[in-house]
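Enquirer:
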Amino acid sequence: FEFHPVSSFLSDSDLLCRAMEVRQFGFGQSNPTYLIKIPDAENFCAVLRRKPLSIAHPSAHALHREFQVLRALNKHNQLHPSRDRQVPVPCAYAYCDDKNVIGSEFYIMEFVPGRIFTDSSMPGMTNEERRLAYSSVVSVLANLHNVDITEVGLGYYGKGGKYVQRQLRRLMTVSRKQAELSETPAPDIEDLARQLQTYEKKCPNHISLLHGDFKIDNLIFHPIEPKVIAILDWELSTVGDSLCDVANLSMMYLMPRNQLAAISGVAGLDLESLAIPTRLELLKMYCDQRKNVSFEETKIWAGFYLSFVTFKNAVIVQGVAQRARAGVASSARADEVAKALPVIVKVAQTILDNEVKPALTSRL
2 FEFHPVSSFL SDSDLLCRAM EVRQFGFGQS NPTYLIKIPD AENFCAVLRR KPLSIAHPSA
62 HALHREFQVL RALNKHNQLH PSRDRQVPVP CAYAYCDDKN VIGSEFYIME FVPGRIFTDS
122 SMPGMTNEER RLAYSSVVSV LANLHNVDIT EVGLGYYGKG GKYVQRQLRR LMTVSRKQAE
182 LSETPAPDIE DLARQLQTYE KKCPNHISLL HGDFKIDNLI FHPIEPKVIA ILDWELSTVG
242 DSLCDVANLS MMYLMPRNQL AAISGVAGLD LESLAIPTRL ELLKMYCDQR KNVSFEETKI
302 WAGFYLSFVT FKNAVIVQGV AQRARAGVAS SARADEVAKA LPVIVKVAQT ILDNEVKPAL
362 TSRL
């Protein structure tokens with residue numbers, strides 16, 4: 002898009018319009034994301050995120066929700082400045098729902114300089130740095146789930162209870178629409194949903210503010226210190242079951258390290274030698290920092306949540322594939338991500354067969 006309307010939205014100054022630079026980031030499969038830079042203003046930088054021009058479902062790409070939750074967490078951090086309560090996020094500057102400005106709604110937020118790791122083994126860190134980095138990741142996630150949603154004005158933000166049940170129904174609606182648009186049936190995704198529905202009514206259902214896509218590559222780490230300084234990509238945030246975020250982070254244990262892949266996990270690595278917590282250790286670290294979340298219960302249901310979020314990611318990747326076929330994908334890596342769909346479906350089914358059915362069938 003042309004960025005002159007963006008600069009006009011920010012200021013009426015002709016000088017600002019002429020000086021502003023805009024370039025698109027290579028990441029962000031869902032919503033196109035741009036760096037805005039004004040060299041003559043002490044190198045001021047900001048980030049613009051906008052909706053893609055073509056969407057498969059009216060509720061998808063909810064930028065207004067991203068902006069709302071960023072504002073709410075900015076408030077939380079002001080109310081609770083101690084480090085053990087902080088949820089690091091960029092400052093949200095402005096939101097525009099007028100599609101006449103650049104063709105779709107958008108918002109502008111703070112640019113946070115730092116490191117983004119698409120490789121969950123965090124290459125370049127020492128073992129001690131990696132241990133501290135993962136400790137920071139888990140602490141930030143627990144802090145997020147401990148946020149008082151009423152205090153920050155997010156009591157309305159989601160329906161809360163029965164989150165997994167509602168998500169399964171909604172995701173199937175989205176999946177069927179994406180299959181229709183791409184003219185590619187998805188029977189394996191349908192079958193996964195039916196199997197998950199067998200267990201959904203008994204899940205623990207711990208309600209909190211939920212990121213919706215919490216993972217290593219949606220975090221910004223300090224440029225030189227092993228700590229998280231910002232959580233990105235809040236499009237899927239809501240009030241829901243917090244163990245879904247834990248499971249989403251745990252997906253890295255299912256994904257092998259592959260330097261050529263868009264996202265690289267830690268499956269098959271010697272975790273102890275790298276000072277990376279095991280999946281069970283990560284669950285324990287998290288539960289130790291949560292209110293009223295039992296480690297024993299979390300262990301029993303961990304496979305169910307992991308299979309559910311894997312299914313959810315299959316629907317998301319199905320959407321990336323659909324947009325890639327339509328020629329409207331928002332990331333240079335869209336084609337590469339789309340190729341992962343059959344693998345993700347198979348992984349979800351394996352978890353169901355090997356973990357979920359043995360652990361939960363007797364509990365129904």
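Just so you know, we're using the numbering used here here: the sequence shown kicks off at 2 and counts up by one.
C-beta: ideal position from N, C-alpha, C; glycine also.
Because the structure is a prediction, the values reported are computed rather than measured.
Grab me the residues of P91's own chain with a C-beta within less than 6 Å of its C-beta, minus the 5 sequence neighbours each way, in chain order.
Expert: Residue 91 sits at position 90 when you count from the first residue of the sequence shown. Here the set comprises M110, E111, V113, A231.
Enquirer: Can you find the residues in the same chain that come closer than 6 Å, C-beta to C-beta, to V139, ignoring five residues on each side of it along the sequence?
Expert: The residue given as residue 139 occupies position 138 in the sequence shown. Once the five neighbours on either side are set aside, the close Cβ partners of V139 are M286, Y287.
Enquirer: Do you know how far the Cα of L284 is from the Cα of F2?
Expert: Numbered from 1 along the sequence shown, position 1 holds the residue referred to as residue 2. Numbered from 1 along the sequence shown, position 283 holds the residue referred to as residue 284. Confidence is the limiting factor: at F2 the pLDDT is only 49, short of 50, which leaves the residue's position unreliable and the question unanswerable from this model.
Enquirer: Which runs of the beta strand (DSSP E) at least 3 residues long sit entirely within the segment 236 to 290? Give them in chain order.
Expert: 239 to 242
Enquirer: Quick check on I225: buried or exposed, where buried means 16 or more other Cβ atoms within 10 Å of its Cβ?
Expert: Against the sequence shown, residue 225 aligns to sequence position 224. Result: exposed.
Enquirer: DSSP beta-bridge partners for I208?
Expert: For this step, residue 208 is matched to residue 207 along the sequence shown. Beta-bridge pairing links I208 to D242.
Enquirer: Which value, in whole angstroms, describes the spacing of the CA atoms of C97 and I103?
Expert: Indexing the sequence shown from 1 puts residue 97 at position 96. Indexing the sequence shown from 1 puts residue 103 at position 102. C97 and I103: Cα-Cα distance of roughly 10 Å.
Enquirer: Kindly indicate which three-state DSSP category V357 falls into: helix, strand or coil?
Expert: Along the sequence shown, one-based indexing puts residue 357 at 356. The answer is helix: DSSP assigns V357 an H, G or I state.
Enquirer: Leaving out five residues on either side along the sequence, give the residues of the same chain with a beta carbon under 7 Å from the beta carbon of H223.
Expert: Position 222 of the sequence shown, counting from 1, holds the residue named residue 223. Result list for H223: G115, I230, in chain order.
Enquirer: Residues bridged to L220 by DSSP?
Expert: Along the sequence shown, read from residue 1 onward, the residue named residue 220 stands at position 219. Per DSSP, I232.
Enquirer: By a C-beta neighbour count over all protein chains shown, 10 Å radius and 16 as the cutoff for buried, is R84 buried or exposed?
Expert: One-based indexing of the sequence shown puts residue 84 at position 83. It is exposed - the Cβ of R84 has fewer than 16 other Cβ atoms within 10 Å.
Enquirer: Specify, as a first and last residue, the run of the beta strand (DSSP E) that L49 falls within.
Expert: Looking up residue 49 in the sequence shown gives position 48. Element bounds for L49: 45 to 51.
Enquirer: Is the segment 170 to 184 close to the segment 207 to 222, with three or more CB pairs under 8 Å?
Expert: The segment 170 to 184 is not in contact with the segment 207 to 222.
Enquirer: When DSSP builds the beta bridges, which residues end up paired with V346?
Expert: Your numbering for residue 346 matches position 345 in the sequence shown. The partner list for V346 (beta bridge, DSSP) is empty, contrary to what the question assumes.
Enquirer: Short check: CB of S265 to CB of S122, under 9 Å?
Expert: Within the sequence shown, the letter at position 264 stands for residue 265. Within the sequence shown, the letter at position 121 stands for residue 122. It is a contact, given that the beta carbons lie within the stated cut-off.
Enquirer: How many Å lie between V346 and I150 at the Cα?
Expert: One-based indexing of the sequence shown puts residue 346 at position 345. One-based indexing of the sequence shown puts residue 150 at position 149. Looking at the two C-alpha atoms, the distance is approximately 34 Å.
Enquirer: Considering only DSSP beta bridges, list what K38 is partnered with.
Expert: Position 37 of the sequence shown, counted from the first residue, corresponds to residue 38. BP columns for K38 point to E22, C46.
Enquirer: Going along the chain, which residues of its own chain have a beta-carbon closer than 6 Å to the beta-carbon of A194, five neighbours each way excluded?
Expert: Counting from 1 along the sequence shown, the entry for residue 194 is found at position 193. Excluding sequence neighbours, A194 sits near L169, M173.
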